[in-house]
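Those sequence lines, one after another, are chains Z and C.
Be aware that the first sequence starts at 1, since it is given in my numbering, and climbs by one per residue.
Be aware that the second sequence starts at 1, since it is given in my numbering, and climbs by one per residue.
Reading through the structure tokens given below for one structure.
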Amino acid sequence: EDQVTQSPEALRLQEGESSSLNCSYTVSGLRGLFWYRQDPGKGPEFLFTLYSAGEEKEKERLKATLTKKESFLHITAPKPEDSATYLCAVQENTGGFKTIFGAGTRLFVKA
Amino acid sequence: ETGVTQSPTHLIKTRGQQVTLRCSSQSGHNTVSWYQQALGQGPQFIFQYYREEENGRGNFPPRFSGLQFPNYSSELNVNALELDDSALYLCASGGPNTGELFFGEGSRLTVL
């Protein structure tokens, strides 16, 4: 069964303190791995898609990387506005577009 | 803004009742999927529609059903509501060849 596990559950950082969020996954055939940001009371907002091991994507202070078993979301010099829940999700390549989400990492960045 | 709109934003129902949630997808996106998100959890896949036909379903009972219409709108229907159905229900649309999803703001359902 496809599974997505994110760690840590919550992360508290000082402004400017870089860190990484982890997403480990089990899927029979990976079509794509996705990162989303979700603010309280809002729907998830798409950030990145990664398709194959070794691939990297960057957007402002965020950088996502992918290996065969896990993905990392690196946050460089975070700001308070980066505070949100970050969700990792996978799609398998067996037809359809069923997306399996992890439980998310809640990030708090203090000024 | 994603262009995906959902209604209503909040609603309260009692156990045993039925509810219909609505979604208007982004123009040009012919897939729509619905997710249930309990507090503190990630979204759980309910089902997906492609060109008005269901083409994927998660571990949800048949009392969860849906429809997709030609005008990019869709519905999620839940019959015989249970207390555990209380959650944020998210609608997401996507293009035919990309996997990324564009979510609406969700409908917050409370079952008493």
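Positions of the beta carbon are idealized from the N, C-alpha and C atoms, including for glycine.
Within 8 Å, strictly: CB atoms of Z/Asp82 and Z/Arg61: In this structure, Z/Arg61 lies closer than 8 Å to Z/Asp82 by Cβ.
Residues of the region 96–111 of chain Z with Cβ closer than 8 Å to any Cβ of chain C, in chain order: Answer in chain order: Gly96, Phe97, Lys98, Thr99, Ile100, Phe101, Gly102, Ala103 and Gly104.
Simplified DSSP state of C/Leu83, which is helix, strand or coil: Here DSSP, grouped into helix, strand and coil, assigns C/Leu83 to helix.
Exposure label - Z/Phe108; buried when at least 16 CB within 10 Å: Exposed, because fewer than 16 other Cβ atoms sit within 10 Å of the Cβ of Z/Phe108.
8 Å Cβ cutoff met for C/Glu75 and C/Gly66: Yes. Within cutoff.
Cβ of Z/Arg31 within 8 Å of any chain C Cβ: When Cβ-Cβ separations below 8 Å define contact, Z/Arg31 makes contact with chain C.
Beta-carbon contacts of C/Gln68 that lie in its chain and below 6 Å, excluding the five residues immediately before and after: Only Val32, Tyr49, Glu52 and Ser74 meet the Cβ criterion.
Sub-8 Å separation of Z/Leu87 and C/Gly42 beta-carbons: Yes; because the gap between Cβ atoms is below 8 Å, this pair is in contact.
Chain-ordered chain Z contacts of C/Gly99 [CB-CB under 8 Å]: Residues of chain Z whose Cβ lies closer than 8 Å to the Cβ of C/Gly99 are, in chain order, Arg31, Gly32, Phe34, Thr49, Gln91, Phe97 and Thr99.
Where Z/Tyr51 falls, given that 16 or more other Cβ within 10 Å makes a residue buried: By the neighbour-count criterion, in which a residue is buried when 16 or more other Cβ atoms sit within 10 angstroms of its Cβ, Z/Tyr51 is exposed.
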